[in-house]
Each structure stands twice: as structure tokens, then as C-alpha cells.
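The structure appears right after this line, and notes come after that.
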Amino acid sequence: MFMATGTTNHHLAPKGATFVRTINRLEPDESFGPRRNLPGAQLPQGFSDWGEYHTLKVEIGISQGWPALDRKVSQWWPFPGLRYIICIRVSPRQEVQQFKFYTVNQNAPPQLNPTVIANPTIIGLDSRVLLGLQPGAPLPVGFADPNVIIDLFEVVQEAIAQI
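Using my numbering, read the sequence shown as starting at 48 and increasing by one per residue.
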């Protein structure tokens, strides 16, 4: 993820498996959000801690089914400032590798069909949205413009290697 930004973790901070004190304790495998000193980024209303501001949540369900992953999406959906959710499912023997990619909005989460992860499986995240910036706001020098491009095949291979 950090290599895809163009500035490693200088502007987009890893938040890990963190949760927000005032919201149901549901921890993702990984989450990301803007750093506190990023010009133009503002905390969502009601937040006082930059560590709780996540624009992206990632869940990799090794041996989990889609019903469990879909429940997490529904619980995260109203999270203030959240803009993207990536859920990845890997079967116990790793022969099934699928994902669902959500762009969070004011509507209910859509019912998505899983997509097979092949080599490569490329997705793009709007850099300004990921950094919590307004449309047209300047991006930090060197940050991926206009999108951060991620190969989910590589993400899955790294996750499998850690099993």
C-alpha cells in the first residue's frame, strides 16, 4: 500500500487493527487514514483523535465466509470519514481468492457479488478521498495523482505468506 502512494507513509498513516472508542469495537485487519499534519485534511465531526480517522478499512478473511465479512461491512459503513472498504476472502486451502470493493456513501451498503482475484487484480482509490481532502485540493508533492493503484493479487500473496 505504501509504495503505491508515492510517498510511503508520510501522508497516509497506517492505523492497524484500531477501533474508535465511541463506536462498536470492531477491528479491521488494517486501516489507513490521513496524518494529523496533512494540510487540508480535517477530522470528521465528533472526532478529537487523528488515530481514529480511517478513510480505508481492509479485512482479509482467511477461512471466513462472505456472510461474516458482509456483516463487518454493514457495521463499518456508518463510520465517520470512512470512504473505502476492501474485503478479501481466501478459502482454507487458498484455492478461492475473492474480493469486494466498496465506496462508502450515504446509502446502505450495496449487495456486491465477489470478484475473483487473478494476477493482476488492479483497483484504484481516489487520492484526495483517501487523504480526506476536498475535490480539487492540492495533493502532497509526490503522492499518487489522481489515484493510488493497488494490485490485490500482491496483497493476497503477502497475506498468504504470513499464514
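All C-beta atoms in this analysis are idealised placements derived from N, C-alpha and C, irrespective of residue type, glycine included.
Small disclaimer: the values here were computed from a predicted structure and weren't measured.
If the five residues before and after Pro-193 are omitted, its C-beta is found closer than 7 Å to the C-beta atoms of Asp-173 and Ser-174, all from its own chain and listed in chain order.
Contact annotation: Phe-146 and Ile-164 have beta-carbon atoms nearer than 7 Å.
Trp-124 places its beta carbon 7 Å or farther from that of Lys-104. When the beta-carbon positions are compared, Pro-167 and Phe-200 come within less than 7 Å of each other. In this structure, the alpha-carbon of Gly-98 lies about 8 Å from that of Arg-82.
Taking the Cα positions, Ile-170 is about 7 Å away from Asp-198. Less than 7 Å divides the Cβ of Ala-191 from the Cβ of Gly-53.
The beta carbons of Gly-87 and Leu-180 sit closer together than 7 Å.
Per DSSP, reduced to three states, the secondary structure at Arg-118 is helical.
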